[in-house]
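**Q** Note that the sequence shown covers residues 28 to 172 in my numbering.
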Amino acid sequence: MKYAIGLLALCLSGCLHTESASILVEPASAMLVEGKILRESVGVETLGGVFTPLLTKGCEIPCSRSETFSTAEDGQSQILVRLYRGNTRMVKTARSLGEFQITGFAPARPGEPAIAVKFEVDAGGFTLSATDIKDSSRLSITRIE
């Protein structure tokens, strides 16, 4: 399988294997949310094992952030996303929340696909969704075991 280099990866423990346009990554819990405040940053692994926060510790809930990602290899039709939580600079010292595979976009040259990935936390928990910017279609997200 071909994967984008240094892109996201996401999944929080307790998820079932499912395919959908939007997925509940982890229900809200006291471990992640204190009152209306996010207790730890949630982010992705980028090139070199760096923990890149997308939702930062202390953000008021509800909060969300979208990032645009692309592919790294010719003909690539999926992106692997690794999600972590913690207050650290490197993923080796953060807590892995799992991996997700985003599919449903047309294979193309490196960097051509534009995939908007949205991370959101509210009273119900963390969710992830993905959209192909080219045609606004919702993409499939599958948790990888």
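In this text, a Cβ means the ideal position worked out from N, Cα and C, and glycines have one as well.
Report the CB separation of lysine 84 from serine 104 in whole angstroms; it is logged as a contact under 8 Å.
**A** Lysine 84 to serine 104, Cβ: 35 Å. No contact.
**Q** Need the endpoints of the beta strand (DSSP E) that isoleucine 168 sits in, please.
**A** 167-171 is the span of the beta strand (DSSP E), which, as asked, contains isoleucine 168.
**Q** Decide yes or no for the touch test of the stretch 79-93 against the stretch 143-152: beta carbon pairs closer than 8 Å, at least 3 of them.
**A** Judged by Cβ distances under 8 Å, the stretch 79-93 makes contact with the stretch 143-152, as three or more pairs qualify.
**Q** Assuming leucine 65 and leucine 82 are in contact, meaning their beta carbons sit under 8 Å apart, how far apart are those beta carbons, in whole angstroms?
**A** With a Cβ gap of about 6 Å, leucine 65 and leucine 82 count as contacting.
**Q** Can you give the beta carbon distance from alanine 141 to isoleucine 160, rounded, assuming they're within the 8 Å contact cut?
**A** The Cβ separation is near 4 Å, so the contact holds.
**Q** Looking only at its own chain, which residues have a Cβ that is under 8 Å from the Cβ of glutamate 139, when we skip the five neighbours before and after it?
**A** Ser97, Thr98.
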